[in-house]
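Take a look at the structure set out below.
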Amino acid sequence: MSQPATLSMTQPVHLCAKALDKAYRKGEHQVYVLRGVDAKLERGEFLSIVGQSGSGKSTLMHLLGLLDEPDVGEVWLDGNRIDNLPATTRDELRNHVFGFVFQFYHLLPELTLLENVLCPLMIRYSAWEYWKRRVEFRDKAKAIAKQVGLDHRLSHRPSELSGGEMQRAAIARALIGEPSVLLADEPTGNLDSQTGGEIMNLLHQLNEEKKLTIVMVTHDEKIAQQAQRIVRLSEGRIQSLNEAA
Ligand code: ADP
Ligand code: MG
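In this note's numbering, the protein residues as written are 10 to 254.
This is how it looks when you write it as structure tokens:
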């Protein structure tokens with residue numbers, strides 16, 4: 010008797026890039042950055058993409074997270090094409106599905122840490138809905154700040170935080186919308202090695218305990234090796250490497 014199909018056999022790949030091309034115009038010239046990038050990510054994976062500076066890592070992250078559109082190729086989420094959706098649907102999807110972490114944190118300097126963490130919910134809900142649920146949202150933001158080790162810094166502004174604390178705050182902001190995929194662009198790139206290691210530990214913890222799917226890009230081989238799976242971006246394409254140790 011044949012085995013019934015299991016969920017894992019029928020579930021589509023979580024996030025998938027198909028033959029992505031991207032070029033930028035620089036004056037008269039076209040700079041071809043991505044030339045047929047294919048990538049697949051299963052739910053719960055922690056993938057790192059390593060590549061030299063200028064190899065197109067940030068460009069690829071922006072395409073995966075719907076911050077930019079490919080010239081050619083497709084991005085799929087759970088079996089549905091998402092790169093060609095109407096702009097408002099893409100905005101909603103970005104807010105609900107993806108959490109972003111950047112090398113330079115991109116916190117808003119005039120807001121406190123708690124307010125920075127709340128930003129994705131301010132964007133998601135109408136002013137009225139947000140106002141009605143403000144206590145629930147603040148409690149949630151405080152709980153996430155605690156989870157990333159920042160509960161003692163809630164009313165501080167970014168200028169009063171260390172680099173590691175700013176990156177933790179950015180991770181908390183990325184988590185508050187309960188994303189399914191965390192896209193981290195050189196998350197340790199501006200940190201000393203010990204602080205970078207602490208941020209990597211936090212990412213591992215989120216991957217293991219919350220089953221958060223993570224794509225991290227980095228130019229740093231040692232950092233890249235710490236993910237579950239590592240691929241290389243080179244000459245505009247993804248090249249598979251051996252599983253990380
Ligand atoms: P990485 O993140 O790997 O350092 P990027 O994706 O930032 O690489 O950039 C890849 C190439 O594309 C670089 O040569 C960069 O100068 C160019 N580039 C990136 N963004 C733009 C842009 N908005 N306009 C023009 N060129 C760009
Ligand atoms: Mg970059």
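Virtual Cβ for every residue (Gly too), placed ideally from N, Cα, C.
Identify which residue in the options has its Cα closest to the Cα of residue i.
| i | options | result |
| --- | --- | --- |
| residue 181 | 160, 232, 143 | 160 |
| residue 170 | 120, 225, 186 | 120 |
| residue 2 | 70, 183, 55 | Nothing can be reported for residue 2: it is not among the residues displayed for the chain, which extend from 10 to 254. |
| residue 212 | 158, 149, 245 | 158 |
| residue 163 | 26, 146, 124, 134 | 124 |
| residue 55 | 36, 23, 246 | 23 |
| residue 143 | 152, 153, 154, 131 | 131 |
Since residue i sits in a beta bridge, which residues does DSSP pair it with?
| i | result |
| --- | --- |
| residue 57 | 225, 239 |
| residue 90 | 85 |
| residue 38 | 35 |
| residue 178 | DSSP, once it has assigned bridges, lists no residue as partnering residue 178. |
Does DSSP classify residue i as helix, strand or coil?
| i | result |
| --- | --- |
| residue 220 | coil |
| residue 52 | coil |
| residue 108 | strand |
| residue 166 | coil |
| residue 199 | coil |
| residue 16 | The predicted position of residue 16 is uncertain, since its pLDDT is 48 and thus under 50; a value taken from the coordinates is nonetheless stated next. Helix at residue 16. |
| residue 249 | strand |
| residue 144 | helix |
| residue 45 | strand |
| residue 100 | helix |
Within a Cβ cutoff of 8 Å, which residues of the same chain sit near residue i, ignoring the five residues on either side of it in sequence?
| i | result |
| --- | --- |
| residue 60 | 66, 226, 228, 241, 242, 243 |
Output needed for residue i: all residues of its chain with C-beta closer than 7 Å, excluding positions within five of it in sequence on either side, in chain order.
| i | result |
| --- | --- |
| residue 173 | 200, 204, 207, 208 |
| residue 88 | 21 |
Under the criterion of a Cβ to heavy atom distance below 7 Å, does residue i qualify as lining ligand 3?
| i | result |
| --- | --- |
| residue 65 | Of the ligands one can find in the structure shown, namely ligand 1 and ligand 2, none is ligand 3. |
Exercise for the section: Flag this pair as touching only if the region 200 to 217 and the region 85 to 96 have three or more C-beta atom pairs under 8 Å; answer yes or no. Expected result: The region 200 to 217, when compared against the region 85 to 96, does not touch it at the 8 Å Cβ threshold.
Handout entry: the region 109 to 123 / the region 77 to 93 touching (three or more Cβ pairs under 8 Å)
Key = No, the region 109 to 123 is not in contact with the region 77 to 93.
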